[in-house]
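Student: Residue numbers (the UniProt record's numbering): 1 to 108. First, the structure itself, so that you have it in front of you.
Below you can see the structure in the form of structure tokens.
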């Protein structure tokens, strides 16, 4: 949408509002009261929802990963694949053994 279209629509809307306000003032008052009531209701519901829910628990639940039943199976299958790859390549196996030796020496 172009800015000129937005401005033109705003001017036409303001003119229509002024015309209706002069011809039927009760209609404009009713419409403004209805909008005010609707906005108040939305604000009231939003505040009530924020106050009544425990948002800290919901936020923490949304951030934590969801455990699945097959996670252990997938992990075991992944480790089996890694072991098969390491066993298939002798130079890779030497490198893995070297890393294991270094890490065990550092942890003690």
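Just so it is clear, CB atoms sit at the ideal spot from N, CA and C, and this is done for glycine as well.
Assuming residue 37 is part of the alpha helix (DSSP H), what are its boundary residues?
Tutor: Counted from its first residue, the chain shown places residue 37 at position 37. 25-52 is the span of the alpha helix (DSSP H), which, as asked, contains residue 37.
Student: Please return the same chain residues whose Cβ sits closer than 8 Å to the Cβ of residue 28, not counting the five positions on each side in sequence.
Tutor: For the purposes of this step, residue 28 is identified with residue 28 of the chain shown, where counting begins at 1. Cβ neighbours of residue 28 beyond the five flanking positions: 17, 20 and 21.
Student: Quick one: Cα of residue 79 to Cα of residue 40, how far?
Tutor: Residue numbering aside, residue 79 sits at position 79 when the chain shown is read from its first letter. Residue numbering aside, residue 40 sits at position 40 when the chain shown is read from its first letter. Their Cα atoms are separated by approximately 58 Å.
Student: How many Å lie between residue 75 and residue 85 at the Cα?
Tutor: Counted from its first residue, the chain shown places residue 75 at position 75. Counted from its first residue, the chain shown places residue 85 at position 85. If you take the alpha carbons of residue 75 and residue 85, they lie about 15 Å apart.
Student: Taking 9 Å as the threshold (C-beta atoms), are residue 102 and residue 93 in contact?
Tutor: The residue labelled residue 93 in the question sits at position 93 within the chain shown. The residue labelled residue 102 in the question sits at position 102 within the chain shown. Against a cut-off of 9 Å, the Cβ pair of residue 102 and residue 93 comes out as no contact.
Student: Could you check what DSSP says for residue 100 in three-state terms: helix, strand or coil?
Tutor: Here residue 100 refers to the residue found at position 100 when the chain shown is read from its first residue. Correct three-state label for residue 100: helix.
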